[in-house]
Amino acid sequence: MAFNEQSGLEFWQGQPMTPCQTIELAGVNVVVKRDDKNHEFVQGNKLRKLKYNLIEAQRQGVETLITFGGAYSNHLLATAFAAQACGLSSLGVVRGHELEKNQAIWSETLFQCKQLGMQLVFVSRSDYRLKTKSQVFQGLVKNTPNSYVLPEGGSNQLALQGVAEIVAELQQQVEETPTHLICPVGTGGTLAGLVYGVAQKKWMCKVIGVAVLKGLHSIKDDINQWLTTLDTEKNYDVLDGFHAGGYAKNTKELSRFCVTFEQHHQIQLDKIYNSKSFFALAQLIKSRQITAKDRPLIIHTGGIQGGVNK
Ligand SMILES: Cc1ncc(COP(=O)(O)O)c(C=O)c1O
Numbered sequence: 004m005a006f007n008e009q010s011g012l013e014f015w016q017g018q019p020m021t022p023c024q025t026i027e028l029a030g031v032n033v034v035v036k037r038d039d040k041n042h043e044f045v046q047g048n049k050l051r052k053l054k055y056n057l058i059e060a061q062r063q064g065v066e067t068l069i070t071f072g073g074a075y076s077n078h079l080l081a082t083a084f085a086a087q088a089c090g091l092s093s094l095g096v097v098r099g100h101e102l103e104k105n106q107a108i109w110s111e112t113l114f115q116c117k118q119l120g121m122q123l124v125f126v127s128r129s130d131y132r133l134k135t136k137s138q139v140f141q142g143l144v145k146n147t148p149n150s151y152v153l154p155e156g157g158s159n160q161l162a163l164q165g166v167a168e169i170v171a172e173l174q175q176q177v178e179e180t181p182t183h184l185i186c187p188v189g190t191g192g193t194l195a196g197l198v199y200g201v202a203q204k205k206w207m208c209k210v211i212g213v214a215v216l217k218g219l220h221s222i223k224d225d226i227n228q229w230l231t232t233l234d235t236e237k238n239y240d241v242l243d244g245f246h247a248g249g250y251a252k253n254t255k256e257l258s259r260f261c262v263t264f265e266q267h268h269q270i271q272l273d274k275i276y277n278s279k280s281f282f283a284l285a286q287l288i289k290s291r292q293i294t295a296k297d298r299p300l301i302i303h304t305g306g307i308q309g310g311v312n313k
């Protein structure tokens, strides 16, 4: 199947600017960039990260997108959607051999991927850890001619370009440059893209990432590696005290925060990423590390289709 430029890339390139909303959080005005509003289920950073990868895939004339993910991966679903929208095939390498013959333990995300036509290949955790180096993966690529491999979470150099467009949009939307940009961190690609965008616009602004996984020791190495072409100062930090026990883990305090937050602001927070970044921002304000003199701006990166924190 050939790459269908009409339906695919037009969708990606023709996305309108996502809105900004100002809320009061613990007495401080906070601008929320509502990237959760850009699509029903390919939300926020996923749409941003895929854009230039799809343009590159088109340039290469590929037929199949291949990527990786866990059973709840927003990126897997986004790739399945992107492939269908662009008239491509898709293949998802999924962590967990046990899922292969037992649909009873499948997540909603996996069913949605399947519905969108993604071929799912389940691999053991040890093979999954090896990623592109595993024999299973190399066999799949060999047997799938004209394929384009997207890394886990969709984070690569081209993804950064797409995320940096958030900053370009913000420049048109906010009157004054924010002092802090806050986002959740999984693989770190979104944060790196924001740092890139901030440097391009020469903003005096600190980018604060909130790690959603435990033990992200090498994350700064990954981020710095994507940013090697930047010759300006990289003004960012990754906070590792708000993961609530690890990926997809929750605490009563975090749930309570999300419920109250949604009641006050009518903004839903997904349970894996944004619940933790918004909670972290509230804590930074409470501990006066961010005050009413600052202009914090938080990116809502979507993920709502994967479930909200209640
Ligand atoms: C909704 C959402 N927000 C944030 C992230 C984290 O982004 P990154 O992997 O670029 O750090 C992800 C997953 O990758 C996500 O699905």
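End of the sequence shown sits at 313 in my numbering; the numbers just go up one at a time, nothing left out.
All C-beta atoms in this analysis are idealised placements derived from N, C-alpha and C, irrespective of residue type, glycine included.
Between residue 200 and residue 171, the C-beta gap is smaller than 8 angstroms, which places the two residues in contact. CA-CA distance, residue 79 to residue 154, rounds to 10 angstroms. Put simply, the region 174-190 does not touch the region 80-98. Fewer than three CB pairs are less than 8 angstroms apart.
Taking residue 300 as the centre and dropping the five residues before and after it, the same chain places the C-beta of 34, 181, 184 closer than 6 angstroms to its C-beta, in chain order. Assignment of residue 292 by DSSP, reduced to helix, strand and coil, places it in the coil class. Between ligand 1 and the CB of residue 194, the shortest heavy atom gap is smaller than 7 angstroms.
Every unbroken stretch of the alpha helix (DSSP H) spanning 4 or more residues and falling wholly within the region 209-235 is given here in chain order: 222-229. For residue 91, the closest of 41, 149, 221 by C-alpha to C-alpha distance is 149. DSSP places residue 92 in the uninterrupted beta strand (DSSP E) bounded by 92-98. Counting C-beta atoms within 10 angstroms of its own C-beta, residue 51 has 16 or more neighbours from the protein chains shown and is therefore classed as buried.
Assignment of residue 66 by DSSP, reduced to helix, strand and coil, places it in the coil class. Across the structure, residue 250 and residue 274 are spaced so that their CA atoms are roughly 10 angstroms apart.
Here residue 48 is buried, its C-beta having at least 16 other C-beta atoms within 10 Å.
For residue 240, the enclosing beta strand (DSSP E) covers residues 239-242. Look at residue 249: its beta carbon is at least 7 angstroms from all of the heavy atoms in ligand 1. Residue 215 places its beta carbon less than 8 angstroms from that of residue 246.
The C-alpha of residue 112 is placed about 13 angstroms away from the C-alpha of residue 98.
DSSP lists 212 as the bridge partner or partners of residue 186. Straight across, the Cα-Cα distance linking residue 43 with residue 125 is about 26 angstroms.
In the pairwise beta carbon analysis, the region 297-312 is classified as touching the region 262-279: at least three pairs are separated by under 8 angstroms.
Measuring C-alpha to C-alpha distances from residue 305 to each of 25, 17, 36 identifies 36 as the nearest. Buried is the label assigned to residue 157, since at least 16 other Cβ atoms lie within 10 Å of its Cβ.
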